[in-house]
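Positions 1 to 384 (our numbering) are the ones given, in order, by the sequence shown.
C-beta: ideal position from N, C-alpha, C; glycine also.
Structure first, then comments.
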Amino acid sequence: MKIKNLIIFFFLTISAQTTFAQEMKLSDDKATKETKNLYKNLQKLMTKGIMFGHQDDLAYGVNWKTSDIIKSDINDIVKDYPAVFGWDIGQIEHKSKNNIDGVPFDKMKDYIKWVYDNGGINTIGWHVDNPLTLKHAWDNTRTVNSVLPGGAKNKLYKKWMRNAAKYMKHLKGSDGKHIPLIFRPYHELNGGWFWWGKDSTSTQEYIDLYRYTVDYFKNKKHLHNLIYVYNTNTFSNADEFMKNYPGDDVIDIVSFDNYQFASPTSPDSVILKSKINYQSQIKNGLAILDSVAKVHNKVPTFAETGFEAVPDKTWWTNTLLPIINNFKISYVLVWRNHGWKADENKFHYYAPYPGHPSSSNFVKFYDDPKTLFLKDVKSENVYK
């Protein structure tokens with residue numbers, strides 16, 4: 001009887017593992033080999049730690065702008081680079097020379113190639129302008145129906161998507177292969193600030209927009225190097241998080257964005273209060289994300305976070321790390337190091353730079369065995 005039970009248990013275990021392996025696959029069954037391998041390794045690396053990411057890391061820093069050499073505020077501190085590099089193709093819809101944050105698209109192409117050639121991971125967002133009003137992405141005029149098939153702006157939007165597809169299709173490594181991209185369009189959907197957001201878009205409209213975009217890139221433009229991300233802002237429960245979910249057949253990664261908010265000049269009591277609130281929110285969010293990812297067999301990521309100007313000098317190991325260490329997520333990405341913003345009369349950055357008060361604490365964050373940077377990931381050969 002024991003032998004029979006062991007045999008049954010063995011086959012049930014093998015069956016469960018096989019089912020899991022079959023279900024934990026990319027939504028694009030025609031994805032390139034390198035893209036499939038990256039997705040597989042995103043899962044594998046979660047057993048080893050959490051990758052650190054930074055937006056526009058190679059493009060500029062707090063005290064420097066676009067350089068002809070590879071430069072990074074992160075590298076200046078720890079002599080290593082992020083594992084994940086974030087980029088934005090906002091303005092590619094107009095075939096502009098520079099992106100929404102002033103990064104030349106030809107330079108971005110070089111940066112993305114460098115990341116791929118060196119074993120890092122690229123993720124791309126798209127702050128696409130409002131196609132109805134031709135204003136910026138933050139113009140939340142009701143728009144989505146106009147860009148869907150039959151809508152007044154469908155022809156224009158297809159042109160914009162065609163421009164984006166052309167750019168992403170021409171991103172190739174030194175090996176001549178299409179570079180796999182973690183693609184995160186229409187992000188922070190449950191916020192009201194974008195034209196695809198909750199204040200101007202119904203649940204069905206958002207789902208239709210997302211699915212239409214995936215269909216266009218995958219089936220019309222034959223882009224098979226994209227890993228698709230579903231991304232929200234903060235939320236309270238799983239139902240709220242999944243409200244606009246476009247479907248397992250078009251999504252590969254589930255994620256959310258959440259920041260700590262407080263003025264850098266705030267008294268310690270205010271900083272502490274914002275820390276408690278932030279930790280509570282991301283703990284709840286990551287727990288829900290973990291559950292959703294398991295149910296839908298998707299990779300979970302913390303797509304955007306940070307504390308502007310990092311006024312808490314121990315933020316990395318005393319605020320962020322204690323929470324994310326309790327969850328298996330693929331990566332956490334902090335926002336960009338823009339530097340001085342003259343229009344707002346303040347510094348805008350989310351990662352330390354040489355001389356910043358939190359730099360020494362970031363070194364401790366880097367040294368933690370659970371945080372993974374480029375050197376850790378490069379040895380994993382994530383595209384093979």
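{"Query": "In terms of residue numbering, what span does the alpha helix (DSSP H) encompassing Lys159 cover?", "Result": "154-169"}
{"Query": "So Phe302 and Leu321 are supposed to be a Cβ contact under 8 angstroms. How far apart are they, rounded?", "Result": "With 8 angstroms as the limit, Phe302 and Leu321 do not qualify as a contact, their Cβ atoms being about 12 angstroms apart."}
{"Query": "For Ile282 and Ser255, I'd like the C-alpha separation in whole angstroms.", "Result": "12 angstroms"}
{"Query": "Cα separation between Gly339 and Gly150?", "Result": "43 angstroms"}
{"Query": "Please classify Thr203 as buried or exposed, where buried requires at least 16 neighbouring CB atoms within 10 angstroms.", "Result": "exposed"}
{"Query": "In this structure, does DSSP put Gln22 in helix, strand or coil?", "Result": "A caution first: Gln22 carries a pLDDT of 45, below 50, which makes its placement in the model unreliable, though a value can still be read off. Three-state result, Gln22: helix."}
{"Query": "Using 10 angstroms around the beta-carbon of His170, count the other beta-carbons present and answer buried if the total reaches 16, otherwise exposed.", "Result": "exposed"}
{"Query": "Since Ile329 sits in a beta bridge, which residues does DSSP pair it with?", "Result": "Note: Ile329 sits in no beta bridge, so no partner."}
{"Query": "Just to confirm the assignment, what range does the beta strand (DSSP E) spanning Lys346 have?", "Result": "346-348"}
{"Query": "What span of residues does the beta strand (DSSP E) with Gln55 cover, start to end?", "Result": "50-55"}
{"Query": "When the distance is taken between beta carbons, is Gly53 closer than 8 angstroms to Leu333?", "Result": "yes"}
{"Query": "Who pairs with Thr232 in a beta bridge, going by DSSP?", "Result": "Phe256"}
{"Query": "Could you pull out every residue in the same chain whose Cβ sits closer than 7 angstroms to the Cβ of Lys141, ignoring the five residues on either side in sequence?", "Result": "First, the amino acid is wrong: residue 141 is Thr here, not Lys. Answer for Thr141: Asn130, Leu132, Thr133, Trp195, Ser200, listed in chain order."}
{"Query": "Looking at the secondary structure, which residues open and close the alpha helix (DSSP H) in which Trp114 lies?", "Result": "105-117"}
{"Query": "By DSSP, does Ile92 sit in helix, in strand, or in coil?", "Result": "helix"}
{"Query": "Which stretch, first to last residue, makes up the beta strand (DSSP E) that contains Val299?", "Result": "299-307"}
{"Query": "Start and end of the beta strand (DSSP E) containing Ile271?", "Result": "Run containing Ile271: none in the beta strand (DSSP E); it sits in the alpha helix (DSSP H), 268-296."}
{"Query": "With the cut-off set at 8 angstroms, would you say Tyr212 and Leu148 are in Cβ contact?", "Result": "yes"}
{"Query": "Measure how close the beta-carbons of Ala262 and Ser280 come, nearest whole angstrom, since I'm counting them as under 8 angstroms.", "Result": "About 15 angstroms; that fails the 8 angstroms criterion."}
{"Query": "Work out the CA separation of Ala351 and Lys375 for me, nearest whole Å.", "Result": "19 angstroms"}
{"Query": "Should Asp257 go down as buried or exposed, given a rule of 16 or more other Cβ atoms within 10 Å for buried?", "Result": "buried"}
{"Query": "Given Tyr116, which residues of its chain have a CB within under 6 angstroms of its CB, disregarding the five upstream and five downstream residues?", "Result": "Gly173, Ile179"}
{"Query": "For Tyr167 versus Leu189, is the C-beta spacing smaller than 8 angstroms?", "Result": "no"}
{"Query": "Can you give me the C-alpha to C-alpha distance between Leu226 and Pro267, rounded to a whole angstrom?", "Result": "44 angstroms"}
{"Query": "DSSP on Thr261, reduced to helix/strand/coil?", "Result": "As written in the sequence, residue 261 is Phe, which differs from the Thr given in the question. Coil, per DSSP."}
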